[in-house]
Structure formats: C-alpha cells, structure tokens
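Student: Adding 497 to a residue's 1-based position in the sequence shown gives its number in my numbering. Have a look at this one.
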Amino acid sequence: METQASIMLGRPAGIPADDVDTEFPSDGGETQDSSSGIEHLSTGSPESSTTNLKRAIHTFRVRHLLSQIHSFVYSKSPACCFSKERHDRHIQHLRNKLEAWKSSIPAITCTTDPPMSLFGTSDWFALEYDYAILQLYRVKMVDPQADPGDPVFLECMGAAERICHHYRRQFPGGPASFTWVALHELFLAGLTYVHCLWASPAVRNAQRHGQVRDTCTNCTIVLVVMAERWSAVAPYRDLFEILANRTIRLIETDEHDQMDPIDIPTITGGQENEEAENWAHCMLPVFEAGMSNGYNDLLSRWTVDFALSN
498 METQASIMLG RPAGIPADDV DTEFPSDGGE TQDSSSGIEH LSTGSPESST TNLKRAIHTF
558 RVRHLLSQIH SFVYSKSPAC CFSKERHDRH IQHLRNKLEA WKSSIPAITC TTDPPMSLFG
618 TSDWFALEYD YAILQLYRVK MVDPQADPGD PVFLECMGAA ERICHHYRRQ FPGGPASFTW
678 VALHELFLAG LTYVHCLWAS PAVRNAQRHG QVRDTCTNCT IVLVVMAERW SAVAPYRDLF
738 EILANRTIRL IETDEHDQMD PIDIPTITGG QENEEAENWA HCMLPVFEAG MSNGYNDLLS
798 RWTVDFALSN
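Next comes the structure, spelled out in structure tokens:
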C-alpha cells in the first residue's frame, strides 16, 4: 500500500525497498499461523485458496520491485550519484528482474465462477507488468535530451496501449472497482501514449490512424464510466479528452513530416479559448489532490503560465 501511495503521489517511500528484508509467506498451500498475519485469502476450496495465495505473493513481489524502481529512479538523483553507464546498467538490472518475475507468473486455475475483482482476472499480471515498464522508463521519456528514435518510446507506447485495452475490457460491466490506483494507472497510460506519439516519429509511423483512435477511445470510455460514478475523476476525463483530440488531429493531418520530431504544443493561460479555460479548470483539482507529481512532466509540460492559485 505504501509503495502504491508513494508512486501515485511522486514522493519518496517511508521505508526504502532495500530496507525491507521480511520473507514472503510460503505459497505451498498450507494455512499460515494467525500470528504471521497471513491466512488463506479465499473462503472457497483449498485449491482456490492456494491459487489466490500464490497470486497474492507474486503481486507482493512485483510491488517490491516497483518500490526498488521508485527508490532508484525517482527518490535519488542518478545523474549526480552515478555515471550514465552505471545508471543504465542498473536500469537494465531492474528490467531483468522484471522479466524474471513475468516468466514465473502463476497460471490461472480454470473455473466456472466469474472473478470477483480485477485481481482474479487474466489481465491482472499483464497490468502489473506494463505499469512497471512505464515506471522504469518514464523519466527517460520526458528527458528533453532524449533521442526520439530511442526504442524506449515504442516500448512504453506498447505498454500504455495495452493498459488502456485491459482497463477497457475489465471496467464497463466487469469486476474492476473504482480506486485511486486504477485512476492513476489508466491516466498515466493515456498520458504516456499521447506523449510518445508527439515525441517520437518512430511511434507515429508504427501506429495507424485507427489504432490511435481506438486506444484514445478505450482510455476515454473508462474515464467516462469512472466519472459517472465518482465525481473526482471528471477533471482527469476532461484533461485526457483535450489531449486525445489534439493527438488524433495530429495523426490524421498530412501537414507534418512523419520523420520530424514535433514539439508538444503548450496550452497557456493567455489563450482565450474554451479549450484553455477547460484545461485550467481541470488542472486545479489535480494539483490540489497532490496527484500531479506522480506523472512528472507527462502532464505539466502541456501547461505554462496557468495561475492555478486563482
């Protein structure tokens, strides 16, 4: 829980990942002593209890890895503490650990019962993996000195696209619940997707018009459904709709050279139009909720000169 909160808010973890040395509980299926705080996670059959426990422990492992990523990438200043070569080696080391985690994802036991939550679906670990990819490389994506041809843009675009697809499949009428974590992950995926399209010619060449429209629509639909049941989501829905519309117009126009980088057009407080007014109105609650730091420059780089205090 603390890992999720620190990542969402863009703040250092209270307990660094390297300081956590408690062993994970056994996943062999036996019921743990009550003193350990870990018991069967299901009231169903022993088989389902064992499966749920294995999935929970595997989730704990990727959350611990996310905490390591957050501590290294976001809670320190790698440029000051490490050479670029050493920093890149450690990023690759974290990526290798993520791939090892992915290769050992436990299989889902076939059952006729529908899943009660997103945790029980086949999309759960795919979402965890793709979210970790975005966290691992997000700082590199927003670096002004980043090479637009860097393969990391294509990789992050793919991860963001899949997250939007998974949430679209699970939310409307599905078992997923409306939480700050779900909102953060989906909105981050949407921001990453449109950012990669603007920043990288390789991404624009890899995505057909229909793919861009479908992905933006998937993200928008889920945000719309969330906002209908939870009013706090409305600013995020409106912000993404503005960015999605701009991005779709970019992709569908023939006025730019596909091989040239494109500067992200800022939405400034001096613009007297409905879009700028809506943007300013929606940004304020995002800042007030303390959520803006969790997106780094993916959100703030679209905005200049807004008097948010007003």
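Positions of the beta carbon are idealized from the N, C-alpha and C atoms, including for glycine.
Could you compute how far the alpha carbon of Cys-713 sits from the alpha carbon of Val-719?
Tutor: Those two C-alpha atoms are separated by around 10 Å.
Student: Beta-carbon within less than 8 Å of Arg-583's beta-carbon, same chain only, minus the 5 sequence neighbours each way: which residues are those?
Tutor: The answer is none, since no qualifying residue turns up.
Student: Please report the Cβ distance between His-662 and Asn-715, rounded to the nearest whole angstrom; I am assuming they are in contact, meaning their Cβ atoms lie under 8 Å.
Tutor: 6 Å between Cβ atoms; contact.
Student: Of the choices Arg-666, Pro-603 and Ala-696, whose alpha-carbon is the least far from that of Cys-653?
Tutor: Closest by alpha carbon: Ala-696.
Student: Does DSSP put Met-780 in a helix, in a strand, or in coil?
Tutor: It is helical.
Student: Can you check whether the CB of Ile-748 is closer than 8 Å to the CB of Asn-775?
Tutor: Not in contact: Asn-775 and Ile-748 (Cβ atoms no closer than 8 Å).
Student: Output needed for Arg-710: all residues of its chain with C-beta closer than 7 Å, excluding positions within five of it in sequence on either side, in chain order.
Tutor: Closer than 7 Å at the Cβ level, and outside the excluded window around Arg-710, lie Ile-745.
Student: Starting from the C-beta of His-706, find all residues in its chain whose C-beta is less than 7 Å away, skip the five residues before and the five after it, and write them out in chain order.
Tutor: Correct list, in chain order: Ile-748 and Glu-749.
Student: CB-CB under 8 Å to Ser-532, same chain, minus the five flanking residues each way: which ones, in chain order?
Tutor: Note that Ser-532 scores a pLDDT of 40, beneath 50, so its modelled location is shaky; the value from the coordinates is reported in the next line. Correct list: empty, nothing qualifies.
Student: For the alpha helix (DSSP H) that contains Ala-657, what are its first and last residues?
Tutor: Run containing Ala-657: 648–667, per the alpha helix (DSSP H) assignment.
Student: Here's a check: name, in chain order, each residue in its chain whose Cβ is nearer than 6 Å to the Cβ of Leu-538, leaving out the five neighbours to either side.
Tutor: Low confidence applies to Leu-538: its pLDDT is 40, below 50, so where it sits in the model is not reliable, and the reading given next is rough at best. The answer, listed in chain order, is Asn-549, Leu-550 and Ala-553.
Student: Helix, strand or coil: how does DSSP classify Pro-732 here?
Tutor: Helix at Pro-732.
Student: Could you give the distance in angstroms between the alpha-carbon of Tyr-690 and the alpha-carbon of His-590?
Tutor: Going from the Cα of Tyr-690 to the Cα of His-590 covers about 25 Å.
Student: Which of helix, strand or coil does DSSP assign to Met-723?
Tutor: Note: Met-723 maps to helix in three-state DSSP.
Student: So for Val-639, helix, strand or coil by DSSP?
Tutor: Note: Val-639 maps to helix in three-state DSSP.
Student: Identify the continuous alpha helix (DSSP H) that holds Pro-698 and give its terminal residues.
Tutor: Element bounds for Pro-698: 698–703.
Student: Have a look at His-567, Arg-586, Tyr-626 and Glu-772 and flag the residue whose alpha-carbon is nearest the alpha-carbon of Thr-556.
Tutor: Measuring from the Cα of Thr-556, the nearest candidate turns out to be Tyr-626.
Student: Work out the CA separation of Trp-598 and Ser-564 for me, nearest whole Å.
Tutor: If you take the alpha carbons of Ser-564 and Trp-598, they lie about 14 Å apart.
Student: Which residue wins for smallest C-alpha separation from Arg-798, given the options Phe-675, Gly-670 and Met-638?
Tutor: Nearest of Phe-675, Gly-670 and Met-638 to Arg-798, Cα basis: Met-638.
Student: Taking just the CA atoms, how far does Thr-717 sit from Gly-568?
Tutor: Per the sequence shown, the amino acid found at residue 568 is Ser instead of Gly. Approximately 31 Å, taken between the alpha carbons.
Student: What is the rounded straight-line gap between the Cα of Asp-620 and the Cα of Val-517?
Tutor: Each residue's alpha carbon lies about 28 Å from the other.
Student: Would Thr-618 be called buried (16 or more neighbouring beta carbons within 10 Å of its own) or exposed?
Tutor: Result: buried.
Student: Over what stretch of residues does the alpha helix (DSSP H) that includes Ser-619 continue unbroken?
Tutor: Neither: Ser-619 is in no alpha helix (DSSP H) and is coded neither H nor E.
Student: Alpha carbon to alpha carbon, how far is Ala-777 from His-561? Give it in angstroms, no decimals.
Tutor: If you take the alpha carbons of His-561 and Ala-777, they lie about 36 Å apart.
Student: Which residue marks the beginning of the alpha helix (DSSP H) containing His-567, and which one marks its end?
Tutor: His-567 -> no alpha helix (DSSP H), and no H or E assigned at all.
Student: So, helix, strand or coil for Phe-684, using DSSP?
Tutor: Three-state result, Phe-684: helix.
Student: Output the distance between the C-alpha atoms of Tyr-628 and Lys-594, rounded to the nearest integer angstrom.
Tutor: Each residue's alpha carbon lies about 15 Å from the other.
Student: What residue does the alpha helix (DSSP H) around Asp-644 start on, and which one ends it?
Tutor: Segment: none, Asp-644 is in no alpha helix (DSSP H) and carries neither H nor E.
Student: In angstroms with no decimal places, state the Cα-to-Cα distance between His-692 and Pro-603.
Tutor: Using only the alpha carbons, I get a separation of about 33 Å.
Student: Using the beta-carbon count (16 or more within 10 Å), is Pro-641 buried or exposed?
Tutor: Looking at its Cβ environment, which holds fewer than 16 other Cβ atoms inside 10 Å, Pro-641 is exposed.
Student: Cα separation between Tyr-733 and Gln-708?
Tutor: Cα to Cα, Tyr-733 sits roughly 22 Å from Gln-708.
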